[in-house]
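Protein sequences, first through last, are from chains A and B. With the numbering used here applied, the first sequence covers 1 to 337. With the numbering used here applied, the second sequence covers 338 to 630. Here is the structure we will look at, set down as structure tokens.
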Amino acid sequence: MAHKAAWLRIGSLVAPKLGFFLITLWAALTVNFLIPRLMPGNAVDGFLGRVQGRVNGASLDALRATLGVGTTDNIFQQYLTYLNATLHLDFGVSLTFFPQSVSEVIAQSIPWTLALVGASTVLAFVLGTGLGIVAGWKWKRADTFLTPFGAFISSMPYFWFGLIVITIFSVDLGWFPGYGGYDPTLTIGWTPEFIASALYHAVLPAVTIVITAMGAWLVGMRNMMKSVTVEDYILLARAKGLKQGRVMWSYAARNALLPNVSGFALSLGFVVSGAILTEVVFSYPGIGQVLYQAIGNRDYLLMQAVFLIITVTVLTLNLLSDLVYLWLDPRARGGRS
Amino acid sequence: MKNKIGLIGLGFFVLLAILGPLFAPYDPSASSADILQGPSPAHLFGTTQQGQDVFSQFLVGAGPTLLVGFLGAAVATVLAVIVGITSGYFRGPLGETLALTSNVFLVLPTLPLLIVIVGYFPDGGALFLGLVIGITSWAFGARVIRAQTLTLRSRDYVDAARAVGDSSVKIFVFDLVPGLVPVIASSFLFGVAYSILTMTGLEFLGLTNLSNWTWGVMLFWTQNNAAYQQGAWWWYVPPGLAIALVGFFLSLLNFGSSERSRGSARRKRVPAANAPVLVPGTVPGTVAGGEVA
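Written out as structure tokens, the structure reads:
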């Protein structure tokens, strides 16, 4: 009996999160559907004109479904065709990478982005939060330096900083490669040389992302620590005679961490945005680079598919972090208002 | 103290934006034969690949950059206030639906969306840019304002106003808004920094109308003309540094004012757990904002 009750409880907590995920997913799909139909006609016609000669039957249909031109179906039928195509991951053909399909292009590039962005974000979170804990605790000296530092680096344009990093460490000092994801003379595969080359090429982009993203976590954590230090349980811990370090980490930091964790989920969307710019700057072969090239070619089909994929990824990660937060904070499970 | 530095710094840039074009020695688009020269008495910030004067571009570009920043933040804040107060005050289906809408918009990644939208309008001007940025970034502020409204609406004076029969609008304006001012101000400042960084990103990608000079457009040309490989630091450092400084002063202002209000919040201890805290860190690459207890 206890088993069943436990499952019911878990279900009732998870269900709203899942529901939210599905609603947002639907919203994203609909926004993606509406955008080309709200845009000035000549843009879309121009695209169709460029694509016309090279695309045949089935792909042309997918195109029409997504962009909403050259079809006699009414808008609801178009919507259904579009939803159907999307669920089958049929996004049509890409103009930029012709004759590859949009799905192929995305499938090739997304692992790079996930690897780079994933690793860098986690690193930035850990570093920023750690430094924020130090700054927020009682170390005045660290605080007066760290906080303005954090504020400044989080105000820098991502890509500007990246370009400067390239200039110093790649062009001038020649320590690291300034562009590409890997050595082009190597074949792609899970070989040690390739992996080493990939890591080598990832250093500068990752460092850029980490430094710019870290500032935000630092400041957030420091603020939370400051407000937590006035709480009674900290006073009690100190009165009990626990060591400073122990109180800082096990008591203050643990509680101050929670909003940062939920903030982490929110930030994912923005990190993806920043990653796009970073990839452009470093010519890194991820999905941001794909989007950039699509822009240059006004390849609307590809642009919209990328937007959709990015959105779905962010939503999924968001859902996962929501669930993690539920697991981390017992108070969140006790019925929210 | 932080307040003062932030205000002075910001004031300097605003002055620069307003008076800049008056002091520009050259037409920013005018090319010359002096290609890629370093800083000199004739060209304080050096020249570009086309022999244009970087200093003039910088001065002329300051105004539009800050303008779009303020415009985007203004649009976003107005929307955030409307949605935030309404969803926080009305608890029923209206409130819940609006809250849900805010959360949905919050999670959707804005830059890709903006890229697609702006991509369709290559000739859009500053007004269009500010508007679009504002429309896609209101959700953050709305959520914070909603949280604060929820706290305020349970206060005695709001109950009193309702008992007396004041209309909702009257309650909004005279009872709720005064308590929300710190949060709204913080949200606005945060929004300015965010707008500037977002527009700069879009300009860097070459999506906007390149004939309007802004700091972001300057950076687009630096990338396009390989300024970094050619070591033309005088060209790319000023615009990027200026953007970073503007954001920095904005966040100092935000800090300063939140520290002041936190002093009074300390006396009334508010549980930090479930209230959505305005975690400044959630927008990497932008400025730290204030805090909601």
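C-beta: ideal position from N, C-alpha, C; glycine also. Just so we're clear, the structure is a prediction, and the values are computed from it rather than from any experiment.
Test item: CB-CB of residue i and residue j under 9 Å
{"i": "B/Ser524", "j": "B/Gly478", "result": "yes"}
{"i": "A/Asn318", "j": "A/Phe125", "result": "no"}
{"i": "B/Pro401", "j": "B/Asn549", "result": "yes"}
{"i": "A/Leu18", "j": "A/Leu326", "result": "no"}
{"i": "A/Met214", "j": "A/Gly263", "result": "no"}
{"i": "A/Phe169", "j": "A/Leu277", "result": "no"}
{"i": "A/Thr129", "j": "A/Leu218", "result": "yes"}
{"i": "B/Gly516", "j": "B/Gln566", "result": "no"}
{"i": "B/Phe407", "j": "B/Gly357", "result": "no"}
{"i": "A/Tyr79", "j": "B/Tyr457", "result": "no"}
{"i": "B/Ala530", "j": "A/Ser155", "result": "yes"}
{"i": "B/Ala411", "j": "B/Gly528", "result": "yes"}
Interface partners of residue i on chain A, CB under 9 Å
{"i": "B/Gln566", "result": "Ile166, Thr167, Val171, Gly178"}
{"i": "B/Leu347", "result": "By Cβ distance, chain A contributes nothing, its closest Cβ being about 12 Å from B/Leu347, past 9 Å."}
Partner residues on chain A for residue i, Cβ-Cβ distance less than 8 Å
{"i": "B/Phe659", "result": "Look at the range of chain B in this structure, 338 to 630, and you will see that residue 659 of chain B is not part of it."}
{"i": "B/Pro376", "result": "None at all; the shortest Cβ gap to chain A is about 17 Å."}
Nearest-angstrom Cα separation, counted from residue j out to residue i
{"i": "B/Leu590", "j": "A/Phe152", "result": "13 Å"}
{"i": "B/Ala370", "j": "B/Gly388", "result": "6 Å"}
{"i": "B/Ile372", "j": "B/Trp571", "result": "13 Å"}
{"i": "A/Ile234", "j": "A/Val247", "result": "7 Å"}
{"i": "A/Leu173", "j": "A/Phe282", "result": "16 Å"}
{"i": "B/Ala399", "j": "B/Ala379", "result": "21 Å"}
{"i": "A/His88", "j": "A/Ser103", "result": "10 Å"}
{"i": "A/Gly136", "j": "B/Gly593", "result": "16 Å"}
{"i": "A/Leu275", "j": "A/Gly288", "result": "Leu is not the amino acid found at residue 275 of chain A; the sequence shown has Ala there. Near 7 Å, if we compare the C-alpha coordinates of A/Gly288 and A/Ala275."}
{"i": "A/Ala27", "j": "B/Val391", "result": "44 Å"}
{"i": "B/Ser439", "j": "A/Ile10", "result": "26 Å"}
{"i": "A/Pro111", "j": "A/Val230", "result": "44 Å"}
{"i": "A/Ile310", "j": "B/Leu443", "result": "14 Å"}
{"i": "A/Leu34", "j": "A/Val272", "result": "23 Å"}
{"i": "A/Val290", "j": "A/Asp232", "result": "52 Å"}
{"i": "A/Leu25", "j": "A/Tyr82", "result": "14 Å"}
{"i": "A/Ala5", "j": "B/Val495", "result": "41 Å"}
{"i": "B/Thr434", "j": "B/Gly577", "result": "40 Å"}
{"i": "A/Pro36", "j": "A/Leu131", "result": "45 Å"}
{"i": "A/Val171", "j": "A/Ala198", "result": "19 Å"}
{"i": "B/Thr545", "j": "B/Gly409", "result": "15 Å"}
{"i": "A/Thr185", "j": "A/Phe176", "result": "17 Å"}
{"i": "B/Ala563", "j": "B/Leu542", "result": "14 Å"}
{"i": "B/Pro376", "j": "B/Thr384", "result": "8 Å"}
{"i": "B/Trp475", "j": "B/Gly421", "result": "10 Å"}
{"i": "A/Tyr284", "j": "A/Gln293", "result": "12 Å"}
Simplified DSSP state of residue i, which is helix, strand or coil
{"i": "B/Asp496", "result": "helix"}
{"i": "A/Ser101", "result": "strand"}
{"i": "B/Thr545", "result": "coil"}
{"i": "A/Gly11", "result": "helix"}
{"i": "A/Thr191", "result": "coil"}
{"i": "B/Thr434", "result": "helix"}
{"i": "B/Asp390", "result": "strand"}
{"i": "B/Thr384", "result": "strand"}
{"i": "B/Asp460", "result": "coil"}
{"i": "A/Trp175", "result": "coil"}
{"i": "B/Ala625", "result": "At B/Ala625, the pLDDT of 32 sits below 50, so the modelled position is not reliable; the number obtained from the coordinates is stated separately. Three-state result, B/Ala625: coil."}
{"i": "B/Asp512", "result": "helix"}
{"i": "A/Val219", "result": "helix"}
{"i": "B/Phe427", "result": "coil"}
{"i": "B/Pro608", "result": "Residue placement at B/Pro608 cannot be trusted, given a pLDDT of 39 that sits under 50; what the coordinates show is reported in the next sentence. Coil."}
{"i": "B/Ala361", "result": "coil"}
{"i": "A/Thr185", "result": "coil"}
{"i": "A/Gly180", "result": "coil"}
{"i": "B/Ile372", "result": "coil"}
{"i": "A/Gly263", "result": "helix"}
{"i": "A/Tyr284", "result": "coil"}
Contacts that residue i makes with chain A (C-beta to C-beta distance below 7 Å)
{"i": "B/Val453", "result": "Ile35, Met303, Gln304, Phe307"}
Test: residue i CB closer than 9 Å to a CB of chain D
{"i": "B/Pro401", "result": "The displayed structure is made up of protein chains A and B, and chain D is not among them."}
Neighbour list for residue i in chain B, Cβ cutoff strictly below 9 Å
{"i": "A/Phe20", "result": "Leu437, Asn440, Val441, Val444"}
{"i": "A/Thr311", "result": "Val444, Leu445, Pro446, Pro449, Leu450"}
Where residue i meets chain B, residues with beta-carbon distance less than 7 Å
{"i": "A/Asn297", "result": "What A/Asn297 touches in chain B: nothing, since even the nearest Cβ is about 10 Å away."}
{"i": "A/Tyr292", "result": "Leu542"}
Across the segment 156-173 of chain A and the segment 561-578 of chain B, are there enough close Cβ pairs to call them in contact, namely three or more that are closer than 8 Å? With the cut-off at 8 Å, the segment 156-173 of chain A and the segment 561-578 of chain B touch.
Touching by the beta-carbon criterion (3+ pairs, under 8 Å), the segment 299-307 of chain A and the segment 452-466 of chain B: With a cut-off of 8 Å, the segment 452-466 of chain B and the segment 299-307 of chain A count as touching, because enough Cβ pairs lie within range.
So, do the segment 115-127 of chain A and the segment 193-208 of chain A have three or more beta carbon pairs nearer to each other than 8 Å? At 8 Å Cβ cutoff, the stretches touch.
Counting pairs of Cβ atoms below 8 Å between the segment 401-416 of chain B and the segment 464-480 of chain B, do you hit three or more? The segment 401-416 of chain B, when compared against the segment 464-480 of chain B, does touch it at the 8 Å Cβ threshold.
Inspect the CB distances between the segment 480-494 of chain B and the segment 421-433 of chain B and report whether three or more fall short of 8 Å. Judged by Cβ distances under 8 Å, the segment 480-494 of chain B makes contact with the segment 421-433 of chain B, as three or more pairs qualify.
So, do the segment 523-539 of chain B and the segment 553-560 of chain B have three or more beta carbon pairs nearer to each other than 8 Å? Contact between the segment 523-539 of chain B and the segment 553-560 of chain B is present: three or more C-beta pairs spanning the two stretches fall below 8 Å.
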